[in-house]
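Peer 1: In this text, residue positions in the sequence shown follow my numbering: the first is 1, and each later residue adds one.
Ideal Cβ placement from N, Cα and C applies to all residues, glycine included.
Predicted model only: the values in this text are computed from it and were never measured.
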Amino acid sequence: KKAVVVGGGAAGMEAARILGDRGAKVVLFESYGHLGGQWRLAGKAPYKYEIAGDVQWLIDNLYRSGVDVRLNTPATPGLVRQEQPDVIILATGAVPRIPDQVEGADLPHVFQAHEILEDPQKAGSKIVVVGGGATGLETAEVLGDLGKDVTVIEMFEEVAATIGPARKYFLMERLRKYGVKLQTNTRLKRITAQYVETCCDEAARIPADTVVIATGVRSVSDLQEELADIARLEVIGDALEPRKATQAFYEANVVARTLWSSYDRGDKVSFREYGLKDHQDHRDHTADAIPPDLNIGSGGGMSDRPLMD
């Protein structure tokens with residue numbers, strides 16, 4: 001059997017690795033010059049450096065499983081068709097969500113959070129981070145640690161709403177230590193070259209020479225319809241719906257470990273046998289549901305394959 005995996009993030013790599021270990025011929029297309037996707041970026045956040053070891057473990061074992069990895073190669077229907085796959089796994093992940101109809105969002109001093117995590121030196125000295133979720137706060141922490149003047153604005157009443165209590169406590173302590181300012185019930189209205197204009201509780205102008213957008217992500221599944229015309233298609237990971245890495249790993253395991261048996265029957269992968277009604281149940285599925293033989297990293301064992309550019 002032959003599989004094509006589109007996307008080299010956590011879900012795509014894990015599915016490809018398992019299929020390769022099970023004897024399938026696997027080609028993985030990745031549009032960037034490195035593997036890891038958003039999971040790789042998570043390892044750049046403070047106090048999450050161990051993730052870098054897990055990413056490298058998966059990269060090493062992906063190559064050991066015999067997967068044909070093609071970096072800097074955006075998948076197209078034509079390229080995929082040339083491989084004559086029996087199955088296609090779409091794992092193209094997610095991209096940052098841009099605030100709708102915000103004037104000035106395209107100015108040159110406006111960055112996505114991942115751009116700043118990749119290179120914090122891009123930021124100036126006075127920064128507004130838009131979005132008080134985990135990504136926004138971790139980006140603010142990186143910048144605060146560099147001595148920057150950082151303000152985080154969040155449209156809802158609470159920041160870090162999805163972060164566990166222990167992690168949230170220590171994160172908030174570090175933000176206080178760095179002097180990061182948090183403004184809740186504050187919506188972004190306009191960005192100019194000199195300031196950010198906000199509204200809601202009260203209108204305000206916050207001086208800023210850098211604006212960082214951390215307002216969540218949206219799924220990338222543009223190829224779904226065209227690829228479905230080539231071979232059987234499974235959509236996994238954030239390409240299906242943005243979720244946590246543990247859920248992406250779980251989904252990749254379910255698909256890869258049941259794929260060929262269900263393929264021979266002509267069925268789609270049955271998530272019901274794993275206690276899930278369907279793909280959407282994954283949003284509430286936690287790490288304790290991950291298959292017991294799943295090993296997502298050793299935390300070490302760095303090879304000569306570069307993790308970062």
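1. Roughly how many whole angstroms lie between the Cα atoms of residue 147 and residue 46?
2. From residue 109 to residue 188, what does the alpha carbon distance come to, in whole angstroms?
3. Restricting to runs no shorter than 3 residues, where is the beta strand (DSSP E) found entirely within the region 152 to 198?
4. Assuming residue 237 and residue 252 form a contact by the criterion Cβ under 8 angstroms, report the distance between their Cβ atoms to the nearest whole angstrom.
5. Give me, in chain order, the residues of the same chain whose beta-carbon lies closer than 6 angstroms to that of residue 70; leave out the 5 immediate sequence neighbours on both sides.
6. State the Cα-Cα distance for the pair residue 40 and residue 55, rounded to the nearest angstrom.
7. So, with DSSP's three-state summary, where would you put residue 3?
8. Could you say which of 98, 163, 86, 145 lies nearest to residue 218 if we only look at CA atoms?
9. Do you know how far the Cα of residue 8 is from the Cα of residue 170?
10. Given residue 19, which residues of its chain have a CB within under 6 angstroms of its CB, disregarding the five upstream and five downstream residues?
11. So if DSSP puts residue 107 in a beta bridge, which residue, or which two residues, is it bridged to?
12. Can the beta-carbon of residue 175 be found less than 8 angstroms from the beta-carbon of residue 137?
13. Starting from residue 26, follow the beta strand (DSSP E) in both directions and report where the run begins and ends.
14. Applying the 10 Å Cβ sphere with the 16-neighbour rule, what's the burial state of residue 72?
15. If I follow the unbroken alpha helix (DSSP H) through residue 217, where does it start and stop?
16. Which residues in the same chain as residue 103 place their Cβ atom closer than 6 angstroms to its Cβ, once the five residues preceding and following it in sequence are excluded?
17. Identify the residues that DSSP records as bridge partners of residue 234: which are they?
18. Is the beta carbon of residue 140 less than 8 angstroms from the beta carbon of residue 130?
Peer 2: In short, the structure shows the following:
1. 15 angstroms
2. 16 angstroms
3. 181 to 183, 186 to 191
4. 7 angstroms
5. 29
6. 6 angstroms
7. strand
8. 98
9. 32 angstroms
10. 3, 26, 256
11. The partner list for residue 107 (beta bridge, DSSP) is empty, contrary to what the question assumes.
12. yes
13. 25 to 29
14. exposed
15. Taken as a continuous stretch (DSSP letters only), residue 217 belongs to no alpha helix (DSSP H), being part of the beta strand (DSSP E) at 217 to 219.
16. 190
17. 89
18. no
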